[in-house]
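J.:
Number of protein chains: 2
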Amino acid sequence: MKRPTSFDLAAMAGVSQATVSRALNGSALVSADARRRVMDAAQKLHYKVDSNARKLRSNKIQTLAVLVLEDMENDHGAINPFFVPMISEIIKYAGQKGFELVISLQQESNNWGADYCISRPAEGIIFLGSKDFETYAENFQGYNHADDNWVVWGLNRTARGKVCVVSDNEGGAFDAVTHLIRQGRRRIAYLGKFSGDHWEFIERYQGYCRALHDAGLPFDDALKVDCALTLDDGAAAAGKLLDTGVAFDAIFASTDIMGIGAMRELTRRGIAIPGQVAVMGFDDLWVCNTVSPRLSSVRQDTTTAARVLVDSVAALIEGHEITTTRIPTQLVIRDSCRTV
Amino acid sequence: MKRPTSFDLAAMAGVSQATVSRALNGSALVSADARRRVMDAAQKLHYKVDSNARKLRSNKIQTLAVLVLEDMENDHGAINPFFVPMISEIIKYAGQKGFELVISLQQESNNWGADYCISRPAEGIIFLGSKDFETYAENFQGYNHADDNWVVWGLNRTARGKVCVVSDNEGGAFDAVTHLIRQGRRRIAYLGKFSGDHWEFIERYQGYCRALHDAGLPFDDALKVDCALTLDDGAAAAGKLLDTGVAFDAIFASTDIMGIGAMRELTRRGIAIPGQVAVMGFDDLWVCNTVSPRLSSVRQDTTTAARVLVDSVAALIEGHEITTTRIPTQLVIRDSCRTV
DNA sequence: TTGTATGCGTTATCAA
DNA sequence: TTGATAACGCATACAA
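First to last, the sequence lines map onto chains A and B. Count along the first sequence from 1, add 75, and you get the number used in our numbering. Count along the second sequence from 1, add 75, and you get the number used in our numbering.
#1: So within the region 294–379 of chain A, which uninterrupted beta strand (DSSP E) runs reach at least 3 residues, ignoring any that extend past its ends?
#2: For A/Tyr218, does the count of other Cβ atoms within 10 angstroms reach 16, so buried, or fall short, so exposed?
#3: Have a look at B/Gly173 and A/Asp295 and give me their C-alpha separation to the nearest angstrom.
#4: Are the Cβ atoms of B/Cys240 and B/Trp228 separated by less than 8 Å?
#5: In whole angstroms, what is the alpha-carbon distance linking B/Arg344 and B/Thr404?
#6: Just the Cα atoms here: how many angstroms apart are B/Ile200 and B/Thr398?
#7: What residue range is occupied by the uninterrupted beta strand (DSSP E) comprising B/Gly246?
#8: Which residues in chain A sit within 7 Å of B/Arg110, going by Cβ to Cβ distance?
#9: Answer yes or no: does any C-beta atom of chain B fall closer than 8 Å to that of A/Leu66?
#10: Counting only Cβ-Cβ distances shorter than 8 Å, please list the residues of the region 365–385 of chain B near chain A, keeping chain order.
#11: Given a cut-off of 8 Å on the beta-carbon distance, is the pair B/Val300 and B/Ala264 in contact?
#12: I'd like to confirm the pairing. Which residues does DSSP put opposite B/Gln405 in its beta bridges?
#13: When you compare each of B/Arg78, B/Pro79, B/Val124 to B/Arg97 by their alpha carbons, which one comes out closest?
#14: Per DSSP, what kind of secondary structure is B/Phe202 in: helix, strand or coil?
#15: A/Gly282 lies in the alpha helix (DSSP H); which residues open and close that run?
#16: Verify the CB distance criterion: does A/Arg339 have a CB-CB separation below 8 Å to chain B?
#17: Alpha carbon to alpha carbon, how far is B/Gly170 from A/Asn185? Give it in angstroms, no decimals.
#18: Could you name the residues of the same chain whose beta carbon sits closer than 6 Å to that of A/Pro349, not counting the 5 residues immediately before and after it, in chain order?
#19: Over what stretch of residues does the beta strand (DSSP E) that includes B/Ile263 continue unbroken?
#20: Could you tell me the distance, in whole angstroms, from the CA atom of B/Thr378 to the CA atom of B/Val159?
#21: Going by DSSP in three states, B/Glu396 sits in which element: helix, strand or coil?
#22: Take the Cβ of B/Asn100 as the centre, count every other Cβ of all protein chains shown within 10 Å, and call the residue buried at 16 or more, exposed below.
#23: Would you say A/Ala389 lies against chain B (beta-carbon separation less than 8 Å)?
#24: Can you give me the start and stop residues for the alpha helix (DSSP H) that B/Val159 sits inside?
#25: Taking the C-alpha atoms as reference points, what is the distance between B/Met114 and B/Arg369?
#26: Using a Cβ cut-off of 7 Å, pull out every chain B residue sitting near A/Asn503, in sequence order please.
#27: Quick one: what does DSSP say A/Thr414 is sitting in, helix, strand or coil?
#28: Alpha helix (DSSP H) containing A/Val113: first to last residue?
#29: Give the DSSP-derived three-state secondary structure of B/Leu104 in the structure shown.
#30: Going by the CB atoms, is the gap between A/Arg112 and A/Ala93 shorter than 8 Å?
#31: Can you round the beta-carbon distance between A/Ile335 and A/Val362 to whole angstroms, since I take them to be within the 8 Å contact cut?
#32: Note the first and the last residue of the continuous alpha helix (DSSP H) segment covering A/Leu131.
#33: Let me know if B/Phe119 comes out buried or exposed under the rule of 16 or more other beta-carbons within 10 Å of its beta-carbon.
#34: Just list the residues that DSSP pairs B/Ala140 with in beta bridges.
#35: Just list the residues that DSSP pairs B/Val385 with in beta bridges.
#36: Please list the residues of the region 320–351 of chain A that have a C-beta atom closer than 7 Å to any C-beta atom in chain B, keeping them in chain order.
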């Protein structure tokens, strides 16, 4: 029971293989009668075009790859929830633009690096990931060349002259903290990751600092807490803040997860949100709506990001020059902060 | 600047193209010297094997497709969060088993149906989706044949003799409700979807009924609330329950999202959870950990599900017979319910 | 409008 | 151990 080929169709339809190909591709150069016979035969034989042969022959259908580099530092061992709507949109948008999409999740035991270096399943690659990209770039010597079409999300520090797409982290943080200040908060704690190569967090911290500075507020190092990326880390950070006894009336968490963890600890200790302490997150994950009070946040526009990523790779494939794109963020105010 | 082929490599390395192929595929039938020269040339030319040609010639590397049929009935306009860890695991596991993976999200404007009928980008297909599958099956006449390798997640009612993989919804619901009863709850409301073709919900409802029956508890139709799939629907359902004035001391929500929405409404009206009302969800989404109190739930084992799905398609591709698999669920008790 | 013939870049089968 | 050479299944230039 072998798969039927276009020759089998041709035989059954009583035409040449070339005509089968034309009919299947909707060419105008085929009579209505022949087309119908071909289609009937295709139906009968359950014929499907072999995608590999088609792509090999006509370099028309492009394939993109999405490589997700996860640090798996989060609670549930799964993919970073931030990437979910982004990947989803990449899939949709790439489909609209006529690309086929291959997805791969990095995994320790899985040397996709070697695979992707030696073989080329895609004309262009989109890298998503919060993990230190530099390490990978070095392993991927094959990808450090101008003839490879790849685009990186959000890790501009390590992009080494390559195109990247990234949110305006500094501006988003600035807006968020400025909002808290306008609502009357004066002692705003910052929760963020200072170790590692998470450049986004540095930018967010810079936005925090600029907002304080522009408002003429003093900077207090005791309000700056190093915090890893899980819920528990966020809770621990809030706990540490409370334990030190330093006064604060707001928390700006550099990710929603940290913020939600912090809220959990505040609530546990009987501190009212936003009554005593306002909380602001970053990312605008969907979970912001499920916690109570609902968490205010800085939305990263994953829809636009996804489209820019795809468009950028597409442009690279076509040989165009592309530059890094900064995507604006948007403040989303919910119950977790209000005017004092 | 054309892509180098294996012939270019051969020329540079001073060997035949056949030797290049052997070297690249790690054949033992190639001298160490030749292998080194080939590898060096590959490095210099940034050579990558053309995956299409390779797959065309050696029908070795199989490709699987994941088709996500979403009803987009959720708040977020994005993919159902339940599928996220599942897709993630499918990607990982399929990769481990040597499959390439193509993913497509159903979208109204996007007639992937036609595409997937006429072309065959994959040897096997995994359907995920809560949408009425029957409609699609009809559009996919090409897929209603024994020579197509596809597996469906969770929609056994419409699988029409095809293989499907599904959680033990009835048993999971039974366990959950039985747990509530053992904790002393007597008036347990059921929130679920009764319209449409969501067969899972019927099964969960059956489990609920059986648990009541086995415990000798009376069945009260006023405790059964029709509820759609969003947070707001869950909240509305809880509100309706409260407004009717019917007494209840627990809610079994047939999805976590409904349950979280219900919790929001209960909290808003000052009803203590689990003090006055215990709440139990279904799915064990990650968000169960972020809400307060943390939501108890029935875990669907998405990891196992993903692996069974991949294994099933793989088996079909190899020509084996496969039967439907029921995957056990697991009760996860958190703060939202406790003994009265 | 149709058919013939060629090539896409591999892997696999021979014979050397 | 290597090198010619033949497929793989399709799309397309060219001839009819």
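Note that CB positions come from ideal geometry on N, CA and C, so glycine has one too.
T.: Reading from the atomic positions:
#1: The region 294–379 of chain A contains these whole beta strand (DSSP E) runs: 299–301, 325–328, 353–355, 372–375.
#2: Here residue 218 of chain A is taken as the residue at index 143 of the first sequence, counted from 1. With a pLDDT of 46 at A/Tyr218, under the threshold of 50, the predicted position of this residue should be treated as unreliable, though the coordinate-derived value follows. Counting the other CB atoms within 10 Å of its CB gives A/Tyr218 a total of 16 or more, which places it among the buried residues.
#3: Stepping through the second sequence from its first residue, residue 173 of chain B is reached at position 98. Stepping through the first sequence from its first residue, residue 295 of chain A is reached at position 220. Going by the C-alpha atoms only, they are around 54 Å apart.
#4: Looking up residue 240 of chain B in the second sequence gives position 165. Looking up residue 228 of chain B in the second sequence gives position 153. Looking at the sequence provided, one finds Val at residue 240 of chain B rather than Cys. B/Val240 is a Cβ neighbour of B/Trp228, given a cutoff of 8 Å.
#5: To locate residue 344 of chain B, count along the second sequence from 1; it is residue 269. To locate residue 404 of chain B, count along the second sequence from 1; it is residue 329. Near 32 Å, if we compare the C-alpha coordinates of B/Thr404 and B/Arg344.
#6: As a working mapping, residue 200 of chain B is identified with position 125 in the second sequence. As a working mapping, residue 398 of chain B is identified with position 323 in the second sequence. B/Ile200 and B/Thr398 have their alpha carbons spaced roughly 16 Å apart.
#7: Mapped onto the second sequence, residue 246 of chain B falls at position 171. In the DSSP annotation of this structure, B/Gly246 is not part of any beta strand (DSSP E); the continuous alpha helix (DSSP H) holding it starts and ends at 244–257.
#8: Translated into the one-based positions of the second sequence, residue 110 of chain B becomes position 35. Here the premise fails: no neighbours, minimum Cβ distance about 13 Å.
#9: Since the first and last residues shown for chain A are 76 and 415, residue 66 of chain A lies out of range.
#10: Correct list: Thr365, Val366, Ser367.
#11: One-based indexing of the second sequence puts residue 300 of chain B at position 225. One-based indexing of the second sequence puts residue 264 of chain B at position 189. For B/Val300 and B/Ala264, yes; Cβs fall inside 8 Å.
#12: Position 330 of the second sequence, counted from the start, is the residue given in the question as residue 405 of chain B. Under the DSSP definition of a beta bridge, B/Gln405 partners with B/Arg374.
#13: Position 22 of the second sequence holds residue 97 of chain B. Checked all of B/Arg78, B/Pro79, B/Val124; the closest Cα to B/Arg97 is B/Val124.
#14: Residue numbering aside, residue 202 of chain B sits at position 127 when the second sequence is read from its first letter. Three-state result, B/Phe202: strand.
#15: The residue labelled residue 282 of chain A in the question sits at position 207 within the first sequence. Looking at the DSSP string, the run of the alpha helix (DSSP H) that includes A/Gly282 is 274–289.
#16: For the purposes of this step, residue 339 of chain A is taken as the residue at position 264 of the first sequence. Interface residue (Cβ-Cβ distance to chain B less than 8 Å): A/Arg339 is classified as such.
#17: By 1-based counting over the first sequence, the position of residue 185 of chain A is 110. By 1-based counting over the second sequence, the position of residue 170 of chain B is 95. Because the pLDDT at A/Asn185 is just 48, under 50, the model does not fix this residue reliably, and the point stays unresolved.
#18: Along the first sequence, one-based indexing puts residue 349 of chain A at 274. Only Ser411, Cys412, Arg413 meet the Cβ criterion.
#19: Taking the second sequence and counting its residues from 1, the one referred to as residue 263 of chain B is at position 188. Per DSSP, B/Ile263 is one residue of the beta strand (DSSP E) stretching across 263–267.
#20: In the second sequence, counting from the first residue as 1, residue 378 of chain B sits at position 303. In the second sequence, counting from the first residue as 1, residue 159 of chain B sits at position 84. The alpha-carbon atoms of B/Thr378 and B/Val159 are separated by roughly 11 Å.
#21: As a working note, residue 396 of chain B is residue 321 in the second sequence. B/Glu396: coil per DSSP, three-state reduction.
#22: By 1-based counting over the second sequence, the position of residue 100 of chain B is 25. Classification of B/Asn100: exposed, given that the 10 Å Cβ count is below 16.
#23: Start at 1 with the first residue of the first sequence, and residue 389 of chain A comes out as number 314. The beta carbon of A/Ala389 does not come within 8 Å of any beta carbon belonging to chain B, so the residue lies off that interface.
#24: Here residue 159 of chain B is taken as the residue at index 84 of the second sequence, counted from 1. Unbroken alpha helix (DSSP H) run through B/Val159: 158–171.
#25: One-based indexing of the second sequence puts residue 114 of chain B at position 39. One-based indexing of the second sequence puts residue 369 of chain B at position 294. Going from the Cα of B/Met114 to the Cα of B/Arg369 covers about 55 Å.
#26: Coverage of chain A is limited to positions 76 through 415, which leaves residue 503 of chain A absent and any answer about it impossible.
#27: Counting from 1 along the first sequence, the entry for residue 414 of chain A is found at position 339. If DSSP states are grouped into helix, strand and coil, A/Thr414 belongs with coil.
#28: Stepping through the first sequence from its first residue, residue 113 of chain A is reached at position 38. Note, A/Val113: alpha helix (DSSP H), 107–120.
#29: Here residue 104 of chain B refers to the residue found at position 29 of the second sequence. B/Leu104: coil per DSSP, three-state reduction.
#30: Within the first sequence, the letter at position 18 stands for residue 93 of chain A. Within the first sequence, the letter at position 37 stands for residue 112 of chain A. Cβ atoms of A/Ala93 and A/Arg112: not closer than 8 Å.
#31: Translated into positions along the first sequence, residue 335 of chain A becomes position 260. Translated into positions along the first sequence, residue 362 of chain A becomes position 287. Contact flag correct, Cβ pair sits at about 7 Å.
#32: Within the first sequence, the letter at position 56 stands for residue 131 of chain A. Here the alpha helix (DSSP H) through A/Leu131 covers 126–132.
#33: Here the question's residue 119 of chain B lines up with position 44 in the second sequence. One detail in the question is off: residue 119 of chain B reads as Lys in this sequence, not Phe. With fewer than 16 other Cβ atoms within 10 Å, it is exposed.
#34: Along the second sequence, read from residue 1 onward, the residue named residue 140 of chain B stands at position 65. Looking at the DSSP assignment, B/Ala140 forms a beta bridge with B/Val177, B/Ile200.
#35: The residue given as residue 385 of chain B occupies position 310 in the second sequence. Per DSSP, none; premise fails for B/Val385.
#36: Per Cβ criterion, the list reads Ile335, Arg339, Thr342.
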